[in-house]
Amino acid sequence: MLKRKNASFAFLFVLFITFGRASAADLFEAIRNGDAAAVRAGAQDPAVRERRGLAGATPLLYAAAFGNAESVRTLTEAGAALDARTDLGATALIWAAGDAAKTRILVEAGAEVNVRSNTGKTPLLLAAARAGSVETVRLLLDKGADVKAADEMGGTALLAAALMGEDETVRLLLDRGADPNQADKAGMTPLQNAAANQNRAMMRMLLAKGARVNDANVFGGQVKHGEVALKGLTPLMLAAPHGSPSTLRVLLDAGAEINGRDSRGMTPLLLAAASSRQDRRTIKLLLERGADPKAVSMAGETARDWAAKYGDPGVMALLEAAGAERKAQVVAAPTAVRMRETRDAVIAALGRVQASEAEFFRESGCVACHHQGMAQIATASARRAGVEHDEAAVQASVGATVALFGAYAPMLLDRNDLPGTPDTPTFALFALALQEREADFATDALFANIAAQQRADGSWKLVGFSRAPLEESHFGRTAQAVRALTRYAPPARQAEMRQRRAAALAWLTRAKPRTTDDYAWRLAGLDWAGASSSVLAQAARELRAMQRADGGWGPSKTMASDAYTTGLALWALHESIGMAPNTPAYRPGVRYLLRTQRPDGTWFVASRAVKFQPYFESGFPYGPDQWVSISATAWAAAALAPAAEPAAASD
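Under the working numbering, the first residue of the sequence shown is numbered 8, with each subsequent residue one higher.
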């Protein structure tokens with residue numbers, strides 16, 4: 008009997024060697040799982056080692072994107088082709104260029120440093136687009152990488168490094184001959200990227216090299232319904248929404264045009280006023296330097312109109328003293344007619360959100376944070392609470408998201424980043440995580456793309472634009488990234504993910520929140536990043552302390568309570584510390600939301616973001632306020648779902 012067992016084991020071992028080593032699928036899986044022994048075994052068979060998988064990637068390319076440095080070394084030493092290309096022309100060095108260890112292995116093995124993908128991406132371009140990239144960039148330059156190489160959109164290493172806020176990399180590239188005025192095809196320059204980052208040292212560095220202070224972009228994007236109105240933006244305009252006086256002073260002293268206008272007729276003063284990060288000192292500086300307080304945008308709004316939306320009395324008084332006038336009126340929120348039962352309120356809200364989500368996709372052909380992402384967040388909460396919703400529509404939404412990003416996955420790995428990055432991929436992967444979607448090639452590509460955009464300080468940032476409330480908080484995008492990346496990190500990149508999570512936790516702990524959104528997302532992010540119970544408890548106390556007498560939360564101290572902020576705050580408290588719906592803080596919030604729901608199941612919140620997308624109807628009420636209102640309705644539903652009464656028993 009013992010002999011038969013041994014014979015059976017030997018037969019199975021032979022089967023594994025014969026067929027297991029011949030399976031490229033097994034090798035790809037071993038790379039993703041960080042299974043060093045299996046990678047070594049698979050790497051010995053040339054037929055397996057060079058087999059093509061998704062997007063035309065060989066195992067070495069797959070290891071460059073999703074594996075660890077050990078797998079890259081194993082495959083390289085086994086003789087894997089360094090010049091193998093994906094369907095889009097990327098090589099292993101292009102996909103690995105953001106990782107210092109992988110890059111060095113491939114370069115020392117003889118990988119071509121000036122190779123270009125079909126979209127013109129080079130290893131240097133991808134390396135410069137990563138935090139802490141200076142030594143990798145130096146290695147590539149020392150090996151002959153072209154410092155002035157541009158991709159098909161005109162993107163350069165200098166533009167990428169400036170956008171990531173990498174001072175030392177920018178200095179190195181300038182010293183090696185990079186042109187400080189080389190713009191991409193949209194007209195974006197390194198100085199614009201530095202100004203958007205509020206990076207004074209980098210701005211001075213570029214200006215000293217001759218960067219032009221008034222260059223403006225010429226293209227903001229194209230969508231189904233027309234052109235995106237983000238053109239004519241100068242460095243001063245990109246600095247204005249979030250800029251401190253010292254940041255703007257660098258540009259003004261260099262001759263920045265103070266009353267220039269973008270394609271919407273917005274001036275630096277208007278942009279500074281149209282931000283949840285308004286700084287009275289910045290507005291005062293602009294006025295002192297000659298900003299026109301009576302300037303009117305193409306939408307007919309003045310700086311005083313924008314100040315009224317955010318309600319800071321100091322900013323409004325400053326503008327009025329300078330002669331600024333009111334042209335538009337602040338839209339008052341409609342009042343509810345009657346209160347529903349909590350469960351009925353959630354069902355009514357989800358019906359409107361899901362219907363509009365489908366209409367938005369038909370009209371736009373794209374997946375958006377304010378529709379698909381928010382609908383997926385709300386329905387995930389409803390599912391956990393056992394509240395009725397259209398599950399088939401949820402799966403259609405999730406499927407559309409995965410299909411879209413799956414088709415774009417090779418572009419994500421090549422760092423042909425989506426518009427609105429990092430928010431677009433991050434919010435999508437975050438929503439998929441809440442929906443508990445299983446990992447696949449699309450989520451792996453999203454993981455790689457989002458991870459590559461983490462800043463040196465541990466955060467994720469979208470700079471230069473103010474689009475409150477959904478795309479305004481660095482706390483929000485950092486928290487979402489941590490949640491998404493923790494869920495979808497390939498096993499081979501778990502060690503790296505632990506470092507990224509620790510860096511994000513450090514940033515979330517030390518950064519200072521300003522808006523209520525910041526406080527809510529900080530709480531959620533601290534939980535997902537692994538903060539101690541005492542840190543979480545303190546963050547929760549700070550968020551609870553911002554609750555108003557009406558039971559709601561407002562976006563800031565100077566703004567009234569609204570459904571968006573209240574829903575987000577309650578959801579964060581429930582998600583992070585498990586606050587029960589029957590607690591003293593949660594109950595008043597529920598009552599506030601029920602009181603303010605409209606008869607049609609929606610909540611209204613007035614827009615306070617400068618418009619740039621072509622207008623179209625998405626099947627949700629409130630016209631120009633529809634996108635923030637559908638987001639508010641989704642947050643309200645997500646917050647109310649845990650408080651919903653049990654479903655009535657059926658006969």
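Here a beta-carbon is modelled for each residue, glycine too, at the ideal position from N, C-alpha and C. All figures in this text were calculated on a predicted structure; none of them were measured in a lab.
| Query | Result |
| --- | --- |
| F367, enclosing alpha helix (DSSP H) - first and last residue | T349 to S371 |
| Contact set for K291: own chain, Cβ-Cβ below 8 Å, skip 5 residues either direction | P252 and L325 |
| Euclidean distance between Cα positions of S282 and N456 | 28 Å |
| Range covered by the alpha helix (DSSP H) that runs through A483 | Note on residue identity: the sequence assigns Gly, not Ala, to residue 483. Where G483 is concerned, the enclosing alpha helix (DSSP H) stretches over H481 to Y495. |
| A62: first and last residue of the uninterrupted alpha helix (DSSP H) it sits in | Note, A62: premise wrong, no alpha helix (DSSP H); not H, not E. |
| Three-state secondary structure (DSSP) of A641 | helix |
| Any 3 or more C-beta pairs closer than 8 Å across the region 567-576 and the region 548-555 | yes |
| Classification of H378 by the beta-carbon crowding that lies within 10 angstroms, buried from 16 upward | buried |
| Own chain residues within Cβ distance below 8 Å of D222, not counting five before or after | N188, A190, G194, T196, L198, Q199, T241 and P242 |
| Residue from Q51, I265 and D106 whose Cα sits closest to the Cα of V220 | I265 |
| Stretch pair the region 66-76 + the region 91-111: three plus CB contacts closer than 8 Å | yes |
| heavy atom of the ligand COA below 8 Å from W634 C-beta | Within the structure as shown, the ligand COA is missing, as the structure has no ligands at all. |
| Those residues which DSSP pairs with V230 across a bridge | G233 |
| Beta-carbon spacing of A417, A97 below 9 Å | For clarity, residue 417 is Pro in the given sequence; the question names Ala instead. Yes, the Cβ-Cβ distance between P417 and A97 is below 9 Å. |
| Beta-carbon proximity of A352 to L647, cut-off 9 Å | yes |
| Buried/exposed call for G184, threshold 16 Cβ in 10 Å | exposed |
| Rounded Cβ spacing between Q442 and H396 (contact assumed at less than 8 Å) | In fact, because the Cβ distance is near 12 Å, the residues do not count as touching under 8 Å. |
| Element boundaries [alpha helix (DSSP H), containing R444] | Taken as a continuous stretch (DSSP letters only), R444 belongs to no alpha helix (DSSP H), as it is neither H nor E. |
| DSSP three-state assignment for E36, whether helix, strand or coil | helix |
| Of the listed residues R80, L179 and A544, nearest to L148 (C-alpha basis) | L179 |
| Selection from G427, R517 and D33 that minimises the alpha carbon distance to G471 | G427 |
| R474, DSSP secondary structure in three states | strand |
| In chain order, each alpha helix (DSSP H) run of at least 4 residues that lies wholly inside the region 535-577 | 540-551 |
| Rounded C-alpha distance that separates D312 from A298 | 16 Å |
| Backbone secondary structure at D94 - three-state DSSP | coil |
| Beta carbon of Q383 nearer than 9 Å to that of V409 | no |
| 8 Å CB neighbourhood of G86 in its chain, flanking five on each side removed | P53 and R56 |
| T428 (DSSP reduced to helix, strand or coil) | coil |
| Local conformation of T163 per DSSP, three classes | strand |
| Status (buried if at least 16 other CB within 10 Å, exposed otherwise) for M305 | exposed |
| Backbone secondary structure at L22 - three-state DSSP | Caution applies to L22, whose pLDDT of 29 falls short of 50 and renders its modelled position unreliable; the model cannot decide the point. |
| Beta-carbon proximity check, G559 vs D525, cutoff 9 Å | no |
| Integer Cβ distance of K238 from D269, believed to fall under 8 Å | 6 Å |
| Beta bridge counterpart(s) of A157 as assigned by DSSP | T163 |
| Alpha-carbon spacing of A438 relative to G330, whole angstroms | 46 Å |
| Where K5 falls: helix, strand or coil (DSSP) | For residue 5 there is no data in the structure shown, the boundaries of the chain being 8 and 658. |
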